[in-house]
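Here full-length UniProt numbering is used: the first residue of the sequence shown is 1, the next is one more, and so on. Taking it in order: structure first as structure tokens, then the write-up.
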Amino acid sequence: MSVKDIVLPLLPKGAEEWLRDAVYRRNCRLKPERYRSELERWYRLTTGRDPRLDDPQTLGEKIQWLKLYDSTPRKGRLADKWLVRDWVAERAGAEYLVPCLGVWDSADEIDFEDLPNRFVLKATHGSGWNIVVSDKRNLDEADAKLKLNRWLTRREAMTGGFELHYEFCEPRIIADQFMQDDSGGLRDYKFVTFYGEVQFVLAIEGRYADEISCTYLPDWTKAPFSYGYRVGRPGDIRKPENLDEMLGLARLLGEGFPFARVDFYEVDGRVYFGEITFTGANGLSVFAPVNYDLEYGRKLVLPEKKPFKGVML
């Protein structure tokens with residue numbers, strides 16, 4: 001059990017958010033030569049384990065290593081939810097993009113009258129900074145703008161975990177078309193790739209308390225393990241009609257990256273690109289049984305060490 005698991009349940013209401021903000025402000029003041037030691041400390045507090053950055057063995061440990069020592073410039077561009085669209089269009093085709101309704105440098109520029117009744121607002125330079133609007137009549141526009149503008153001032157890399165490639169994203173807001181499949185929500189198919197080779201697929205249906213998740217091998221047989229940051233209820237998730245197309249796209253988009261998770265949706269018989277992430281779930285996803293963490297860690301061959309500027313070797 002980690003320190004986080006022990007301490008957070010004991011905090012009074014509101015204290016956890018205050019603590020996260022305090023950690024964020026502290027991280028923003030750090031010099032780059034401190035990032036490695038702070039990443040090690042964060043990982044130990046979060047997981048109760050040492051990341052063994054000098055000799056990483058498990059997949060989780062190797063993702064921590066990649067955060068500091070794989071400074072491939074285009075990772076920052078592709079983590080940017082606006083800039084990645086051009087790359088996907090060039091590499092795979094614009095038909096795989098979720099239609100974009102607008103892009104802004106500030107939430108104050110958004111005219112909600114111009115947007116349809118349903119849409120999704122996202123900050124382009126981070127992960128999980130989304131506002132899903134299923135009925136515009138119920139949207140508190142002032143509160144949404146306040147939240148969006150606050151996100152624009154944040155540095156994703158410093159919120160915890162030191163995902164340094166996010167430092168090269170440009171803070172913007174985009175509005176995407178609201179997407180829904182026949183489940184009434186949006187099934188999420190997450191393809192884990194090593195240098196473009198699909199290792200397994202995490203499929204998720206529903207969200208939060210109603211979430212069902214299952215891990216599959218590329219041929220859609222159930223994997224002998226589960227993998228994920230949040231463990232949803234076990235259950236079968238329907239094989240996508242266009243699985244072969246998704247596999248081909250995951251190989252194409254993941255090519256050249258030691259680790260990449262490429263996410264897709266399937267709506268009305270068509271495949272849509274969700275995102276590509278190089279440090280999925282901050283490298284905190286868990287295997288059960290745990291021995292698969294080491295098995296897939298052995299499969300992932302790390303590239304030549306190319307640290308981000310200022311990061312200690």
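Even glycine gets a Cβ: it sits at the ideal position worked out from N, Cα and C.
Exercise. Looking only at DSSP bridge pairs, what is Y35 linked to?
Worked result: Y35 is not bridged to any residue.
Problem set entry | Pick from G269, E167, W129 that is closest to P32, judged by C-alpha positions | If we check each option's Cα against that of P32, E167 comes out closest.
Exercise. Touch check for the segment 183 to 200 and the segment 130 to 150: three-plus C-beta pairs under 8 Å?
Worked result: Result no; under three Cβ-Cβ pairs closer than 8 Å.
Problem set entry | Beta carbon of A79 nearer than 9 Å to that of V120 | Contact flag unset, no.
For this session: Round the Cβ separation of L68 and Y24 to the nearest angstrom and send it over; I've been treating them as touching at under 8 Å.
Result: Separation of the CB atoms of L68 and Y24 is rounded to 19 Å, and the pair is thereby denied contact status at 8 Å.
Exercise. Rounded to a whole number of angstroms, what is the C-alpha to C-alpha distance between E156 and R74?
Worked result: Their Cα atoms are separated by approximately 17 Å.
For this session: Determine the DSSP secondary structure at N130, reduced to helix, strand or coil.
Result: In the structure shown, N130 adopts extended strand secondary structure according to DSSP, grouped into three states.
Exercise. Rounded to whole angstroms, how far is the Cβ of G248 from the Cβ of K62, which I believe are closer than 8 Å?
Worked result: Not a contact, Cβ separation roughly 26 Å.
For this session: Give a yes or no on whether the C-beta atoms belonging to R233 and E211 are separated by under 9 Å.
Result: Going by C-beta atoms, R233 is nearer than 9 Å to E211.
Exercise. The alpha helix (DSSP H) with V65 in it runs from where to where?
Worked result: According to the sequence as given, residue 65 is Trp; it is not Val. It spans 59 to 69 - the alpha helix (DSSP H) in which W65 sits, taken as one unbroken run.
Problem set entry | Assigned secondary structure, R238 (DSSP; H/G/I helix, E/B strand, else coil) | Annotated three-state conformation of R238 is coil, per DSSP.
Problem set entry | Bounding residues of the alpha helix (DSSP H) (the contiguous stretch that carries V84) | V84 -> alpha helix (DSSP H) spans 83 to 91.
Exercise. Which of helix, strand or coil does DSSP assign to E255?
Worked result: DSSP places E255 in coil when its eight states are reduced to three.
For this session: Please go through the same chain and pick out, in chain order, the residues whose beta-carbon is closer than 6 Å to the beta-carbon of V3, but skip the five residues on each side of it.
Result: Any reading at V3 is ruled out, since the residue's pLDDT is 46, under 50, leaving its predicted position unreliable.
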